[in-house]
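Enquirer: Below: one structure in structure tokens.
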Amino acid sequence: MNEKGMTAFADTMVFLVVMMMAITVTAITNQPNQGADIGPDDLLRDIGSIEVRLSDLTDIEDDTLVFLPDLMALSLVRGTDVDDYLESILDSVFGKNRYYLEFQYGRMTGSVGTEFDYYRFQDSRTIPVSTGGTIDVTLSTL
Amino acid sequence: MESMLSMMAVVIVIGLYLAFAASSSVGAYSPLDELDPGLLMEGSPEGPVISESYAYMFMFNKGLRGMTVSISSPHFSDTEEVSIGEITGAEYDRRFLLLEGYGNGRTLPTILEVRAFA
Chain A
14 MNEKGMTAFA
24 DTMVFLVVMM
34 MAITVTAITN
44 QPNQGADIGP
54 DDLLRDIGSI
64 EVRLSDLTDI
74 EDDTLVFLPD
84 LMALSLVRGT
94 DVDDYLESIL
104 DSVFGKNRYY
114 LEFQYGRMTG
124 SVGTEFDYYR
134 FQDSRTIPVS
144 TGGTIDVTLS
154 TL
Chain B
114 MESMLSMMAV
124 VIVIGLYLAF
134 AASSSVGAYS
144 PLDELDPGLL
154 MEGSPEGPVI
164 SESYAYMFMF
174 NKGLRGMTVS
184 ISSPHFSDTE
194 EVSIGEITGA
204 EYDRRFLLLE
214 GYGNGRTLPT
224 ILEVRAFA
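The listed protein sequences derive, respectively, from chains A and B.
Remember, our numbering sits 13 above the position in the first sequence when you count from 1.
Remember, our numbering sits 113 above the position in the second sequence when you count from 1.
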């Protein structure tokens, strides 16, 4: 191979590497949102407005309407079905074992889901609790 | 000779890249981007129900062959599903998470899943 041919070959190799990078970037930016059409921010934006009857998720015979964050705080001090309810929502939206929800009220912490190091999406919110204080909620999803 | 081979390699790779980029941009289009999820549900005393009239209008407006719409509220209601038109062809799907009013004043997260067939 003469010097000209060698130069052309080297040029082509450089070009091919650049094209590979361009294809990779195009593929990443055009990835369809498989299962990611609903993100953690969508759920946390609405979680403070979810209202249920107190008797729906506790053994208290009282039909008063309560916000879900109030019940999440209550679930940290006494037995409720709140974890099961959160799990059924999260399973339906993100799929089983594809999320980790952690909530903290004062010094008490509760969680639903599986804790991994490699979640791709995360969002956190501080939501007021009717009985006083706030609850910090963090949701991570694959 | 080497220059010729190099040029051919460059032309082939550019051609492949352009074809890939074109197919990616076509695949990114979805007729469901213009769907208004709030209009696809109607309120009722027991909770939201699927608005078949809006589904039909949307289907004809977008020239779709058919649609499948399902709504559910985890823990509180079973999945309600409605299919209209032909369920064949290129498929697009999208899910929405909405807060809807249910019986006895409850406000619950509702998953709306739409599949469109073109």
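Quick reminder that beta carbons are idealized off the backbone N, C-alpha and C, glycines included.
These figures come from a predicted structure and were not determined experimentally.
(1) What span of residues does the alpha helix (DSSP H) with Met85 (chain A) cover, start to end?
(2) Measure from the alpha carbon of Pro161 (chain B) to the alpha carbon of each residue in B:Tyr169, B:Val227, B:Pro222 and B:Ser196, then state which is nearest.
(3) So is Tyr98 (chain A) buried or exposed if we call it buried at 16+ other beta carbons inside 10 Å?
(4) Bridge partners for Met180 (chain B) per DSSP, in chain order?
(5) In the DSSP assignment, find the alpha helix (DSSP H) that holds Glu115 (chain A) and state where it starts and stops.
(6) I need the straight-line Cα distance from Tyr130 (chain B) to Ala23 (chain A), nearest angstrom please.
(7) Grouping DSSP H, G and I as helix and E and B as strand, with all else coil, what is Gly48 (chain A)?
(8) Who pairs with Arg138 (chain A) in a beta bridge, going by DSSP?
(9) Under 8 Å between beta-carbons, which chain A residues line up against Leu212 (chain B)? List them in chain order, please.
(10) Val123 (chain B) touches chain A at which residues, Cβ-Cβ below 9 Å?
(11) Any idea if Met230 (chain B) is buried or exposed, counting beta-carbon neighbours within 10 angstroms, 16 or more meaning buried?
(12) Note down, in chain order, every chain A residue with its Cβ under 7 Å from the Cβ of Ala134 (chain B).
(13) Among residues of its own chain, excluding the 5 on either side of Asp206 (chain B), which ones have a beta-carbon nearer than 6 Å to its beta-carbon?
(14) Classify Ser244 (chain A): buried if its beta carbon has 16 or more other beta carbons within 10 angstroms, exposed otherwise.
(15) On a CA-only basis, which of B:Phe133, B:Ser119 and B:Phe171 is nearest Thr39 (chain A)? Give me that one, please.
(16) My assumption, with CB atoms under 8 Å, is that Gly179 (chain B) sits in contact with Met172 (chain B). Please give the rounded CB distance.
(17) Select from A:Glu74, A:Leu70, A:Leu56 and A:Asp75 the residue whose C-alpha is nearest the C-alpha of Leu84 (chain A).
(18) Does Met154 (chain B) have its Cβ less than 9 Å from a Cβ in chain A?
(19) Should Asn46 (chain A) go down as buried or exposed, given a rule of 16 or more other Cβ atoms within 10 Å for buried?
(20) In whole angstroms, what separates the C-alpha of Asp146 (chain B) from that of Ala168 (chain B)?
(21) Under 8 Å Cβ-Cβ, which residues of chain B neighbour Tyr131 (chain A)?
(22) Please work out which residues of its chain come closer than 6 Å, Cβ to Cβ, to Ser157 (chain A), disregarding the five sequence neighbours upstream and downstream, and give them in chain order.
Expert: For this structure:
(1) Leu81 to Ser88
(2) B:Pro222
(3) buried
(4) B:Ile197 and B:Ala229
(5) Note, Glu115 (chain A): premise wrong, no alpha helix (DSSP H); beta strand (DSSP E) at Tyr112 to Tyr118.
(6) 20 Å
(7) Interpretation of Gly48 (chain A) is limited by its pLDDT of 46, a score under 50 that renders its predicted location unreliable; no figure is taken from the coordinates.
(8) A:Val150
(9) Asp59, Ser62 and Ile63
(10) Asp24, Thr25, Phe28, Leu29 and Met32
(11) It should be pointed out that residue 230 (chain B) corresponds to Phe in this sequence rather than to Met. Buried: at least 16 other Cβ atoms inside 10 Å.
(12) Thr39
(13) Arg228
(14) With chain A covering 14 to 155 only, the question about residue 244 (chain A) has no answer from this structure.
(15) B:Phe133
(16) 7 Å
(17) A:Leu70
(18) no
(19) Legend: pLDDT at Asn46 (chain A) = 45, less than 50; position of this residue unreliable, value from coordinates given subsequently. Asn46 (chain A) is exposed by the Cβ-count criterion.
(20) 14 Å
(21) Near Tyr131 (chain A) there are no residues of chain B at all, since even the closest Cβ is about 23 Å away, more than 8 Å.
(22) Nothing can be reported for residue 157 (chain A): it is not among the residues displayed for chain A, which extend from 14 to 155.
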